[in-house]
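A.B. asks: My questions will all concern the structure given below.
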Ligand code: ADP
Ligand code: MG
Ligand code: ZN
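Numbering (the working numbering), first residue to last: 30 to 654.
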């Protein structure tokens with residue numbers, strides 16, 4: 030029965046992992062705590078029970094912009110939803126409260142500070158509440174990185190509605206925050222749902238910051254169809270990058286705390302409405318963004334912690350389609366952070382800061398799978414050997430045992446007093462003045478490497494540093510062999526490394542099946558244009574009309590009847606009524622011109638639900654065709 034509602038309202042065929050279980054718990058009247066990564070589909074966990082149960086669901090959400098978009102989206106699928114915030118005019122407020130009171134509203138969104146008002150509490154007591162959902166529940170915890178004092182007033186909610194089930198939702202994984210949420214909201218024997226934090230549709234890469242500008246421009250051009258967020262560490266950096274990109278013909282808008290509030294809001298709005306593709310921002314940006322179709326999140330500087338990286342990169346690919354995370358990393362990133370850390374007064378705080386920094390450096394410099402590294406940080410183990418969708422796993426590797434032995438020996442023989450450039454000279458047998466004057470031409474390691482260019486050799490040395498076999502001096506970049514480097518030589522261990530240049534040059538792929546990604550690009554563009562027009566007419570973000578997953582479904586299956594259209598994920602009854610005719614017209618015309626058949630029903634007979642394929646195969650390495 031809830032499954033009927035899933036199709037009728039949302040147009041989805043299947044639940045995502047844990048959704049069905051959470052919905053069961055809520056429908057049973059139990060309290061629950063839901064921890065799912067961004068894009069996991071938390072909203073549905075309370076929206077669907079709200080549609081199924083009698084009474085009105087109270088939804089607490091931290092940001093006005095977010096509430097408005099969610100309510101627009103709910104209205105768009107025919108659900109009776111509305112919101113109350115400080116900006117709601119008095120007359121309208123009375124209207125909305127009356128509708129809630131009369132049972133004409135299924136979902137009522139409110140800002141947390143509302144709940145602190147005695148008069149509002151009286152109103153809540155008079156309502157027939159079906160459930161209370163606290164979204165972004167980590168905001169209630171001081172241990173979280175987004176603590177909001179006004180969430181504290183929610184501690185009262187249990188007393189106001191003692192018998193109403195509470196569902197708290199967050200993407201913050203730490204144990205401490207989770208416990209804090211349960212205590213503060215006074216959850217009663219809650220059912221706990223903890224999803225995997227893996228984001229299978231995201232691919233991860235770390236690239237050297239040396240040529241990051243050109244690299245970024247290329248990455249932005251590559252995702253010409255989708256939106257991108259570029260994070261920078263300073264306001265000045267944001268403004269400069271926006272200017273540089275403009276000179277290269279890439280329109281981007283800035284977002285940082287130095288801009289007027291209305292400029293900030295306008296820039297965010299234009300991004301959400303697809304009027305600009307790229308936003309360059311400081312960490313101030315993102316909390317209010319539910320945009321499902323961000324295809325790239327780039328960190329122009331290394332983030333200060335893995336939590337930050339996870340959260341910010343997590344804003345990409347909420348819709349489950351492939352998306353990328355890129356971090357640009359160089360030696361200066363470390364300096365920039367230690368500069369701040371060293372100025373901290375509090376010893377414990379500084380130590381904690383260093384711990385976070387070291388974990389982040391480990392991610393950037395490590396030669397292990399980035400995904401496995403991220404998950405390990407959150408206490409989760411990644412099952413497979415290779416994720417197939419990060420720069421490390423995708424890189425070609427080679428047996429680096431011999432070259433590593435030669436490099437380490439050369440470092441030792443030259444007395445651990447020189448940098449990579451000079452060690453490379455010695456190994457390649459360069460007839461320079463230095464090698465002569467220092468008497469290094471007599472060494473057994475002089476000229477023993479014939480098949481490496483200087484830059485390839487230095488790449489390998491950098492990898493040996495990140496593997497911990499070599500260390501680089503702090504004051505001068507001289508190389509020394511570490512204890513593990515000596516053990517490596519002594520034990521005659523073997524070593525596999527990514528092939529130097531290939532690692533950077535390979536395009537990334539995400540672990541999502543190619544099926545729905547194989548769509549007709551021209552038709553997709555036409556459908557997008559139609560979507561933009563309809564969204565503008567109605568004053569809503571384009572994704573409220575249809576998400577990219579839905580448009581891609583149309584552009585790969587060419588539905589030409591209402592029944593076929595309903596079969597596309599994301600097309601529910603109300604949207605079929607509102608937009609069906611317009612989209613069918615465009616598809617039919619295009620299909621006619623190009624001689625394309627409706628593939629929907631044929632595929633359905635083969636039992637291939639679209640969302641099920643996208644999701645369940647996301648983990649599979651290869652999609653069986
Ligand atoms: P979260 O709040 O966990 O970050 P959302 O609730 O915003 O995630 O959902 C992310 C995206 O996933 C939305 O575009 C939503 O429509 C889509 N989605 C959620 N559940 C399903 C489902 N069962 N089938 C298909 N798409 C879904
Ligand atoms: Mg959410
Ligand atoms: Zn990997």
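Where is the CB? At the ideal position from N, CA and C, for every residue including glycine.
How should residue 377 be labelled, buried or exposed, when 16 other C-beta atoms within 10 angstroms of its C-beta is the threshold for buried?
C.D. replies: To locate residue 377, count along the chain shown from 1; it is residue 348. Residue 377 should be labelled exposed.
A.B. asks: Taking 8 angstroms as the cut-off, is the CB of residue 65 close to at least one heavy atom of the ligand ADP?
C.D. replies: In the chain shown, residue 65 corresponds to position 36, counting from 1. Yes, the Cβ of residue 65 comes within 8 angstroms of a heavy atom of the ligand ADP.
A.B. asks: If you follow the beta strand (DSSP E) that residue 321 is part of, which residue opens it and which one closes it?
C.D. replies: Position 292 of the chain shown, counting from 1, holds the residue named residue 321. No beta strand (DSSP E) contains residue 321, which DSSP labels as neither H nor E.
A.B. asks: State yes or no: is the C-beta of residue 603 within less than 9 angstroms of the C-beta of residue 38?
C.D. replies: Numbered from 1 along the chain shown, position 574 holds the residue referred to as residue 603. Numbered from 1 along the chain shown, position 9 holds the residue referred to as residue 38. Yes. Within cutoff.
A.B. asks: Please list, in chain order, all residues of the same chain as residue 116 whose beta carbon is under 8 angstroms from its beta carbon, the five residues on each side excluded.
C.D. replies: Here residue 116 corresponds to residue number 87 of the chain shown, with the count starting at 1. Once the five neighbours on either side are set aside, the close Cβ partners of residue 116 are 93.
A.B. asks: Below 8 angstroms on the Cβ atoms is my contact criterion, and I expect residue 141 with residue 98 to pass it. Report the Cβ-Cβ distance as a whole number of Å.
C.D. replies: For the purposes of this step, residue 141 is identified with residue 112 of the chain shown, where counting begins at 1. For the purposes of this step, residue 98 is identified with residue 69 of the chain shown, where counting begins at 1. Between residue 98 and residue 141 the Cβ distance is about 18 angstroms, and since that is not below 8 angstroms, they are no contact.
A.B. asks: Using only the heavy atoms of the ligand ZN, determine whether one of them is closer than 8 angstroms to the beta carbon of residue 399.
C.D. replies: The residue you call residue 399 lines up with position 370 of the chain shown. Residue 399 Cβ: within cutoff of the ligand ZN.
A.B. asks: For residue 416, verify whether its CB is less than 8 angstroms away from any heavy atom of the ligand ZN.
C.D. replies: The residue you call residue 416 lines up with position 387 of the chain shown. Answer for residue 416: yes, Cβ within range of the ligand ZN.
A.B. asks: For residue 48, which residues of its own chain have a beta-carbon under 7 angstroms away from its beta-carbon, when the five flanking residues on both sides are left out?
C.D. replies: Looking up residue 48 in the chain shown gives position 19. So the list reads 70, 73 and 74, once near-sequence residues are dropped.
A.B. asks: Please report the residue range of the alpha helix (DSSP H) in which residue 55 lies.
C.D. replies: Locating residue 55 in the chain shown gives position 26, where the first residue counts as 1. Unbroken alpha helix (DSSP H) run through residue 55: 48 to 56.
A.B. asks: Take residue 241 and list the residues in its own chain whose beta-carbon comes closer than 6 angstroms to its own, dropping the five residues that flank it on each side.
C.D. replies: Looking up residue 241 in the chain shown gives position 212. Within the same chain, residue 241 has close Cβ partners 357.
A.B. asks: With distances taken between CB atoms, is the gap from residue 578 to residue 599 smaller than 9 angstroms?
C.D. replies: For the purposes of this step, residue 578 is identified with residue 549 of the chain shown, where counting begins at 1. For the purposes of this step, residue 599 is identified with residue 570 of the chain shown, where counting begins at 1. Yes, the pair counts as a contact, with Cβ atoms nearer than the cut-off.
A.B. asks: Just reading off the beta strand (DSSP E) that residue 358 is part of, what are its end residues?
C.D. replies: Numbered from its first residue, the chain shown carries residue 358 at position 329. It spans 352 to 358 - the beta strand (DSSP E) in which residue 358 sits, taken as one unbroken run.
A.B. asks: Give the single residue among 208, 406 and 308 whose Cα lies nearest to the Cα of residue 217.
C.D. replies: As a working mapping, residue 217 is identified with position 188 in the chain shown. Checking every option, the nearest Cα to that of residue 217 belongs to 208.
A.B. asks: Is the stretch 491 to 503 touching the stretch 393 to 405 in the sense that three or more CB pairs, one from each, lie closer than 8 angstroms?
C.D. replies: Taking 8 angstroms as the limit for Cβ pairs, the verdict is that the stretch 491 to 503 does touch the stretch 393 to 405.
A.B. asks: Tell me whether the stretch 355 to 374 and the stretch 405 to 415 touch, counting them as touching only if at least three CB pairs, one residue from each stretch, are closer than 8 angstroms.
C.D. replies: Contact between the stretch 355 to 374 and the stretch 405 to 415 is absent, because fewer than three Cβ pairs lie under 8 angstroms.
A.B. asks: Taking C-beta to C-beta, are residue 282 and residue 309 nearer than 9 angstroms?
C.D. replies: Working through the chain shown from its first residue, we reach residue 282 at position 253. Working through the chain shown from its first residue, we reach residue 309 at position 280. Taking 9 angstroms as the Cβ cut-off, residue 282 and residue 309 qualify as a contacting pair.
A.B. asks: Return the bridge partner residues of residue 138 from the DSSP annotation.
C.D. replies: Position 109 of the chain shown, counting from 1, holds the residue named residue 138. Answer is 88 and 112, bridged to residue 138.
A.B. asks: Between residue 607 and the rest of its own chain, which residues show a CB-CB distance below 8 angstroms, the 5 nearest in sequence each way excluded?
C.D. replies: Within the chain shown, residue 607 is the residue found at index 578, counting from 1. Excluding residues within five positions, the ones whose Cβ falls inside 8 angstroms are 105.
A.B. asks: Would the beta-carbon of residue 392 be found less than 8 angstroms away from any heavy atom of the ligand ZN?
C.D. replies: For the purposes of this step, residue 392 is taken as the residue at position 363 of the chain shown. No, the Cβ of residue 392 stays beyond 8 angstroms of every heavy atom of the ligand ZN.
A.B. asks: Starting from residue 78 and walking both ways along the alpha helix (DSSP H), at which residues does that stretch end?
C.D. replies: Counting from one through the chain shown, the residue named residue 78 turns up at place 49. Taken as a continuous stretch (DSSP letters only), the alpha helix (DSSP H) holding residue 78 covers 71 to 81.
A.B. asks: With respect to 8 angstroms, is the separation between the Cβ of residue 320 and the closest non-hydrogen atom of the ligand MG below this value?
C.D. replies: Here the question's residue 320 lines up with position 291 in the chain shown. No - the ligand MG has no heavy atom lying nearer than 8 angstroms to the Cβ of residue 320.
A.B. asks: Given this structure, state the Cα-to-Cα distance separating residue 103 from residue 112, to the nearest angstrom.
C.D. replies: For the purposes of this step, residue 103 is taken as the residue at position 74 of the chain shown. For the purposes of this step, residue 112 is taken as the residue at position 83 of the chain shown. Near 11 angstroms, if we compare the C-alpha coordinates of residue 112 and residue 103.
A.B. asks: Assign residue 221 to one of three DSSP states: helix, strand, or coil.
C.D. replies: The residue labelled residue 221 in the question sits at position 192 within the chain shown. Looking at residue 221 - three-state DSSP - the assignment turns out to be strand.
A.B. asks: Can you tell me which of the three DSSP states residue 283 falls into?
C.D. replies: As a first step, residue 283 is located in the chain shown; it is residue number 254 there, counting from the start. DSSP places residue 283 in strand when its eight states are reduced to three.
A.B. asks: Hey, how far is the Cα of residue 683 from the Cα of residue 176?
C.D. replies: Any answer about residue 683 is impossible in this case: the structure gives the chain only from 30 up to 654.
A.B. asks: Could you check the C-alpha separation between residue 648 and residue 418 for me, to the nearest Å?
C.D. replies: Counting from 1 along the chain shown, the entry for residue 648 is found at position 619. Counting from 1 along the chain shown, the entry for residue 418 is found at position 389. In this prediction, residue 648 scores a pLDDT of 35, lower than 50, which makes its location untrustworthy; the coordinate-derived value is nonetheless stated afterwards. C-alpha separation (whole angstroms): 11 angstroms.
A.B. asks: Where does residue 572 fall in DSSP's three states?
C.D. replies: In the chain shown, residue 572 corresponds to position 543, counting from 1. Residue 572 falls in the helix class under three-state DSSP.
A.B. asks: Could you check whether the Cβ of residue 198 sits closer than 8 angstroms to any heavy atom belonging to the ligand MG?
C.D. replies: Position 169 of the chain shown holds residue 198. Answer for residue 198: yes, Cβ within range of the ligand MG.
A.B. asks: Spatial neighbours of residue 499 within its chain, please: C-beta separation below 8 angstroms, excluding the five flanking residues on both sides.
C.D. replies: Position 470 of the chain shown holds residue 499. Once the five neighbours on either side are set aside, the close Cβ partners of residue 499 are 436, 437, 440, 490, 493, 508, 509, 510, 511 and 514.
A.B. asks: Closest by CA to residue 619, which one among 165, 553, 160 and 582?
C.D. replies: On the chain shown, residue 619 is found 590 positions in, with the first residue counted as 1. Among 165, 553, 160 and 582, the Cα nearest to that of residue 619 belongs to 553.
A.B. asks: From the beta carbon of residue 330, is the nearest beta carbon of chain D less than 9 angstroms away?
C.D. replies: Absent here is chain D; the protein component of the structure consists of one chain.
A.B. asks: Using only CA atoms, which one of 149, 188, 193 and 197 lies nearest to residue 169?
C.D. replies: Working through the chain shown from its first residue, we reach residue 169 at position 140. Residue 197 is the option with its Cα nearest to residue 169.
A.B. asks: Ignore the nearest five residues each way along the sequence and tell me which others in residue 533's own chain have a CB closer than 7 angstroms to its CB.
C.D. replies: As a first step, residue 533 must be located in the chain shown, where it is residue number 504. At residue 533, the pLDDT of 45 sits below 50, so the modelled position is not reliable and the matter cannot be decided from this model.
A.B. asks: Taking 8 angstroms as the cut-off, does the CB of residue 421 come closer than this to any heavy atom belonging to the ligand ZN?
C.D. replies: Here residue 421 refers to the residue found at position 392 when the chain shown is read from its first residue. True, at least one ligand heavy atom lies under 8 angstroms from that Cβ.
A.B. asks: For a quick check, are the C-beta atoms of residue 139 and residue 189 less than 9 angstroms apart?
C.D. replies: Along the chain shown, read from residue 1 onward, the residue named residue 139 stands at position 110. Along the chain shown, read from residue 1 onward, the residue named residue 189 stands at position 160. Contact flag unset, no.
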